[in-house]
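Trainee: Before anything else, here's the structure in question.
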Amino acid sequence: MKNILKLTLAVVCVMFTSSLFAQKIGYINTDPIVANMAETKDAMAKLEAFAKDLQAQSETLQVELNTKFQEYQKNSATMTDSVKQLKEKELDDISARIEQFNQVAQQDVQNEQSKLMAPIFEKVKTTINEVAKAGGYSVILPGNALIYADEATVKDISKDVAAKLGVDWDKVTSEAKAAADAAVAAASK
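Using the numbering used here, the first residue of the sequence shown is number 2, and each one after it goes up by one.
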């Protein structure tokens, strides 16, 4: 009876281990893919225009504050104390409005970026799923989370996903390598 139990346990262990190794595992580096997609470049141009518009509004408020402050400095010698207090309160109010505007604008830029990038991330995710299913992968991991991966058993699908999204992976990797080499050369000087 003990031998049958040991044999059964050994068979289960072998089956579990072989099924574990039968899984096809891949990984992907999405950051360079997303950064080099045409959609991302369009989204970043829209975001930059949005941010510039908010910056222009902030600068208009700042000009108003500067103008009123210069006016206050110019005329403060002839103002009564009550008028000075009113003008100082007005300056404080404008300054507070600028600060509040800038905080809201910063949040608006972050929200706009999320709104613009969401469909891009969804497209990348869908493409990863398509490549994974077509390649028979059971698991796809983020490349930046891997400490070690045996290329014989774990495959990088970044190039396949990039190609499907219209990104030249070889160009992306050669540019990244050139930038890394330049950084190393600059650091060694």
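Here a beta-carbon is modelled for each residue, glycine too, at the ideal position from N, C-alpha and C.
(1) From the DSSP output, which residues share a beta bridge with Gly27?
(2) Use the C-beta contact count for Lys190: other C-beta atoms within 10 angstroms, 16 or more gives buried, fewer gives exposed.
(3) Would the beta-carbon of Leu62 fall within 8 angstroms of that of Arg98?
(4) Mind checking Ser87: buried by the 16 CB within 10 Å criterion, or exposed?
(5) Within 10 angstroms of the Cβ of Thr128, are there 16 or more other Cβ atoms? Answer buried if so, exposed if not.
(6) Please report the Cβ distance between Ile34 and Val125, rounded to the nearest whole angstrom; I am assuming they are in contact, meaning their Cβ atoms lie under 8 angstroms.
(7) The alpha helix (DSSP H) spanning Ile95 covers which residue range?
(8) Measure the alpha-carbon distance for Ser115 versus Thr79 and round it to whole angstroms.
(9) Buried or exposed for Asn67, please, with buried defined as at least 16 other CB atoms from any protein chain shown within 10 angstroms of its CB.
(10) For Ser159, tell me which candidate among Asp151, Ile141, Tyr149, Phe122 has the shortest Cα-Cα distance.
(11) Looking only at its chain, what residues have a beta carbon closer than 8 angstroms to the beta carbon of Gln166, apart from the 5 residues adjacent to it on each side?
(12) Lys190 by DSSP, collapsed to three states: which one?
(13) Let's see if you can read the secondary structure: which residues bound the alpha helix (DSSP H) around Leu147?
(14) Taking the alpha helix (DSSP H) that Lys68 falls in, what are its first and last residues?
(15) Distance check for Ala179 and Lys156, CA to CA, integer angstroms please.
Mentor: On the basis of the supplied data:
(1) Looking up residue 27 in the sequence shown gives position 26. Paired residues: Ile141, Lys156.
(2) If you number the sequence shown from 1, residue 190 lands on position 189. Classification of Lys190: exposed, given that the 10 Å Cβ count is below 16.
(3) Along the sequence shown, one-based indexing puts residue 62 at 61. Along the sequence shown, one-based indexing puts residue 98 at 97. Cβ atoms of Leu62 and Arg98: closer than 8 angstroms.
(4) What you label residue 87 is simply residue 86 of the sequence shown in a count that begins at 1. Residue identity check: residue 87 is Leu in the sequence provided, not Ser. Exposed, since its Cβ has fewer than 16 Cβ neighbours within 10 Å.
(5) By 1-based counting over the sequence shown, the position of residue 128 is 127. Burial check for Thr128: the Cβ neighbour count within 10 Å reaches 16 or more, so the residue is buried.
(6) On the sequence shown, residue 34 is found 33 positions in, with the first residue counted as 1. On the sequence shown, residue 125 is found 124 positions in, with the first residue counted as 1. Contact flag correct, Cβ pair sits at about 6 angstroms.
(7) Stepping through the sequence shown from its first residue, residue 95 is reached at position 94. Where Ile95 is concerned, the enclosing alpha helix (DSSP H) stretches over 82–136.
(8) Position 114 of the sequence shown, counted from the start, is the residue given in the question as residue 115. Position 78 of the sequence shown, counted from the start, is the residue given in the question as residue 79. C-alpha separation (whole angstroms): 52 angstroms.
(9) Residue mapping note: residue 67 aligns to position 66 of the sequence shown, counting from 1. Note on Asn67: under 16 other CB atoms within 10 angstroms of its CB, so exposed under the neighbour-count rule.
(10) Position 158 of the sequence shown, counted from the first residue, corresponds to residue 159. Out of Asp151, Ile141, Tyr149, Phe122, Ile141 has the C-alpha closest to the C-alpha of Ser159.
(11) Here residue 166 refers to the residue found at position 165 of the sequence shown. What sits at residue 166 in the sequence shown is Leu, not Gln. Hits under 8 angstroms: Ile34, Met38, Lys124, Val125, Thr128.
(12) Position 189 of the sequence shown, counting from 1, holds the residue named residue 190. Of the three classes helix, strand and coil, the one that applies to Lys190 here is coil, per DSSP.
(13) Position 146 of the sequence shown, counted from the start, is the residue given in the question as residue 147. Here Leu147 belongs to no alpha helix (DSSP H), and DSSP marks it neither H nor E.
(14) Within the sequence shown, residue 68 is the residue found at index 67, counting from 1. It is worth fixing the name first, because residue 68 is Thr in this sequence and not Lys. Looking at the DSSP string, the run of the alpha helix (DSSP H) that includes Thr68 is 39–76.
(15) If you number the sequence shown from 1, residue 156 lands on position 155. If you number the sequence shown from 1, residue 179 lands on position 178. Looking at the two C-alpha atoms, the distance is approximately 24 angstroms.
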